[in-house]
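Residue numbers (this note's numbering): 199 to 687. Step one of this worksheet: look at the structure below.
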Amino acid sequence: MTEVPQPPHKRRAHTSTRDLERYAGLFAERTTVMRSSAMRDLMAVTARPEVISLAGGLPDTSTFPPQSFAAQMTRIAQESAAAALQYGPTEGFEETKDCIVEVMAAEGMLPDPDDIVVTTGGQQAIDLVTKTLVDPGDVVITEAPTYPGAVPVFCSYQADVRQVEMDADGMRIDLLEALLEELRAAGRRPKFVYTVPSFQNPGGVTLSLARRLRLVELAQEHELLVVEDNPYGMLRYGGEALPPLYQLDGGDFVVYLGTFSKILSPGIRLGWVVAPPPVLEKVVLGKGAADLCTSTLTQFFVRQYFGEGGWRRYVEDLVGLYRGRRDTMLEALHEHFPTAASWTEPEGGLFIWATLPDYIDTEDLLAKALRSDVAFVPGRAAYVDGRGGNSMRLNFSGVTDEEIREGIKRIGAVITEQVELYETLAPSEGSAQAAPGMPGREAEDMPVDAKTKSASGDDRNLTPSAPEADRRAADEGGDVLPFRRAEGA
Ligand SMILES: Cc1ncc(COP(=O)(O)O)c(C=O)c1O
């Protein structure tokens with residue numbers, strides 16, 4: 199018998215220049231603008247057990263009772279193994295949709311199950327909606343900052359992303375209106391506005407009721423689609439519940455994205471899209487092409503779990519736990535961050551957004567923080583145009599109170615060192631200012647109990663000054679179109 203030569207078995211440590219040259223001619227145009235997810239990149243660095251990671255967006259899955267998990271999986275294995283191990287319908291099982299209707303009803307929404315497609319997490323929901331609606335160069339409007347995981351999606355589809363400032367009350371709808379007017383004058387129709395109205399990732403802020411009503415009104419006036427991404431709506435730690443945009447609109451112009459990740463488990467990878475039938479039909483086609491169907495096994499698990507009827511109690515437990523961790527982080531920030539810093543005070547969700555003096559670059563700061571075994575997400579990951587360089591996202595859900603205190607103390611020490619160094623080198627510039635030049639809010643926009651405070655107590659928008667962003671973009675040698683510049687170029 200002729201011996202077949204076996205290729206040498208080896209693990210490649212890195213992609214070499216030679217590798218890149220060999221395949222360069224094969225890559226699709228869109229790969230030149232693809233970006234990696236900042237959180238994924240960071241996960242590799244923060245995997246070291248000694249690192250306190252405030253970078254992830256991880257729910258605390260250790261709170262899910264293992265015996266309940268084991269009992270449900272055993273029951274599935276005993277009673278429906280063959281079906282649970284089989285393919286399922288592309289749009290998802292009816293029983294999964296019933297669970298989704300139950301979750302949405304808990305927030306005041308009444309979707310038609312036929313308007314739902316079950317997806318592989320909320321992340322795939324963003325991808326499928328963008329795949330369905332966006333051609334290269336199409337305008338997508340997002341908040342500034344936006345969900346860092348959505349940035350690589352919009353870049354992959356070569357969208358022209360326009361970001362609208364937020365303040366303590368969420369997206370500035372007055373600025374959105376101005377942008378819509380500017381686009382209309384230029385003959386451009388945005389494909390959609392992507393928003394995380396409740397306990398935004400990464401900003402931690404929530405769109406006020408007045409702004410929700412105006413946004414829905416604008417969507418209807420302009421026949422503009424609004425993609426409402428709502429993973430955190432049920433994780434409220436204080437304040438009044440607000441109606442989702444989907445509820446206010448009735449589902450004509452609002453495409454709703456949901457997920458079980460933050461109320462049950464991200465490991466089951468189950469999310470969903472609710473959309474008007476013509477949009478949904480295309481989303482289902484895209485879904486079929488992407489992965490045929492969502493995991494049958496985890497859909498069976500959700501069905502079983504919801505059948506037990508205890509899912510709301512589990513969410514209440516999470517709310518109690520995360521409320522405590524949020525409070526711990528806010529206390530630690532007051533204690534350890536210098537007065538030149540500001541941060542949001544979220545009423546729910548998993549994140550706090552901190553803004554530092556504009557001479558501090560949080561990507562450089564992260565390198566220093568990692569030497570102290572602590573990590574966060576640098577703010578630039580939440581922008582497409584190089585802004586956000588002096589801000590950071592801090593997660594409080596996936597870490598213990600003790601880790602939060604220690605982690606914030608270590609980051610605070612690194613920031614304080616930078617501030618002191620700056621003040622030594624540039625005393626004439628006076629003491630540090632958090633993002634001087636930030637546009638202030640208009641009087642009528644100013645909430646009485648502003649939730650975005652600096653340590654010294656003044657209100658803030660969430661983005662550094664435009665001149666600073668422009669300087670960075672220029673430093674990076676990029677033109678301003680986001681989809682023309684590769685990551686980190
Ligand atoms: C705003 C937002 N959308 C979508 C997702 C994706 O979540 P998943 O794919 O786990 O449902 C996340 C995860 O953190 C998120 O914060």
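No residue lacks a Cβ here, since even glycine has one placed at the ideal position from N, Cα and C. Since the structure is predicted, the reported quantities are computational estimates derived from the model, not experimental observations.
When DSSP labels each residue in this structure, what does residue i get in the three-state scheme?
i, result
"Ala611", "helix"
"Val202", "coil"
"Gly546", "strand"
"Gly638", "Interpretation of Gly638 is limited by its pLDDT of 31, a score under 50 that renders its predicted location unreliable; the figure taken from the coordinates is listed afterwards. The answer is coil: DSSP assigns Gly638 none of H, G, I, E or B."
"Glu341", "strand"
"Phe451", "coil"
"Glu674", "Any reading at Glu674 needs caution, since the residue's pLDDT is 37, under 50, leaving its predicted position unreliable; the model's value is listed next. Here Glu674 sits in coil by DSSP."
"Pro334", "coil"
"Glu666", "In this predicted model, Glu666 has a pLDDT of only 43, less than 50, meaning its place in the structure is not dependable; the value taken from the coordinates is given anyway. Looking at Glu666 - three-state DSSP - the assignment turns out to be helix."
"Gln398", "coil"
"Met307", "coil"
"Asp258", "coil"
"Met369", "strand"
"Ala633", "Low confidence applies here, because Ala633 scores a pLDDT of 37, under 50, leaving its location unreliable and the question unanswered by this model."
"Gly456", "strand"
"Ile606", "helix"
"Pro576", "strand"
"Glu421", "coil"
"Arg585", "coil"
"Ser570", "coil"
"Met364", "strand"
"Val617", "helix"
"Arg387", "coil"
"Ile314", "strand"
"Arg233", "coil"
"Ile466", "helix"
"Arg434", "strand"
Could you pull the start and end residues of the alpha helix (DSSP H) that residue i belongs to?
i, result
"Tyr355", "Per DSSP, Tyr355 belongs to no alpha helix (DSSP H) and is neither H nor E."
"Tyr557", "First-last for Tyr557: undefined, no H or E at that position."
"Gly319", "319–331"
"Thr229", "First-last for Thr229: undefined, no H or E at that position."
"Phe390", "That residue, Phe390, is in no alpha helix (DSSP H); its beta strand (DSSP E) goes 390–393."
"Gly486", "475–489"
"Asp515", "509–534"
"Asp217", "215–221"
"Val597", "Element bounds for Val597: n/a, residue is neither H nor E."
"Pro264", "264–282"
"Gly699", "Outside the displayed range of the chain (199 to 687) lies residue 699, so it cannot be described from this structure."
Hey, does residue i have any beta-carbon neighbour from chain B nearer than 8 Å?
i, result
"Val359", "No chain B is part of this structure, which consists of one protein chain only."
Residues in its own chain within less than 7 Å of residue i by CB, not counting five upstream and five downstream?
i, result
"Arg360", "Val337, Ile339, Leu377"
"Arg445", "Inspection of the sequence shows that residue 445 is occupied by Gln rather than by Arg. Same-chain partners within the cutoff: Gly306, Met307."
"Pro287", "Cys491"
"Asp217", "none"
"Pro475", "Asp313"
"Thr261", "Asp515, Leu516, Leu519"
"Gln270", "Phe499, Gln502, Tyr503"
"Gln631", "Caution applies to Gln631, whose pLDDT of 45 falls short of 50 and renders its modelled position unreliable; the value that the coordinates give is listed next. Excluding residues within five positions, the ones whose Cβ falls inside 7 Å are Ala538, Pro555."
Which same chain residues end up closer than 8 Å to residue i when comparing Cβ atoms and leaving out the 5 residues on each side of it in sequence?
i, result
"Leu495", "Ile274, Ala282, Leu283"
"Arg246", "Asp571"
"Asp668", "Annotation note: pLDDT 43 at Asp668 (below 50); position unreliable, coordinate value reported separately. Excluding sequence neighbours, Asp668 sits near nothing in its chain."
"Thr259", "Ser463, Pro464, Gly465"
Which residues in the same chain as residue i place their Cβ atom closer than 6 Å to its Cβ, once the five residues preceding and following it in sequence are excluded?
i, result
"Phe291", "Gln497"
"Pro334", "Gln356"
"Ser589", "Thr553, Gly577"
"Ala664", "In this prediction, Ala664 has a pLDDT of 42, which is less than 50 and means its spatial position is unreliable; nothing more can be read from the coordinates."
"Gly610", "His534, Phe535"
"Arg521", "Tyr435"
"Pro634", "Here Pro634 scores only 33 on pLDDT, less than 50, and its place in the model is too uncertain to base an answer on."
"Ala253", "Leu240, Thr244, Ala573, Phe574, Val575"
"Leu256", "Gly596"
"Val202", "none"
"Ile324", "Ala348, Val351"
Identify the continuous beta strand (DSSP E) that holds residue i and give its terminal residues.
i, result
"Met590", "589–593"
"Val301", "Here Val301 belongs to no beta strand (DSSP E); instead the alpha helix (DSSP H) covers 292–304."
"Glu426", "424–427"
"Gly469", "469–472"
Collect the residues with a C-beta less than 5 Å away from any heavy atom of ligand 1 and give them in sequence order along the chain. Listed by position in the chain, the residues whose beta carbon lies within less than 5 Å of some heavy atom of ligand 1 are Gly255, Gly319, Gly320, Gln321, Tyr345, Val394, Asn399, Asp427, Pro429, Thr457, Ser459, Pro464, Gly469.
Between the region 304–319 and the region 481–491, do three or more beta carbon pairs fall short of 8 Å? Segments in contact, yes.
Are three or more beta carbon pairs between the region 422–429 and the region 592–606 nearer than 8 Å? No, because fewer than three Cβ pairs between the region 422–429 and the region 592–606 fall closer than 8 Å, the two stretches do not touch.
Three CB pairs or more closer than 8 Å across the region 543–551 and the region 216–230: Cβ pair count under 8 Å is below three, so no.
Pairing CB atoms from the region 319–329 with CB atoms from the region 447–465, are three or more of them under 8 Å? Verdict: yes, contact present.
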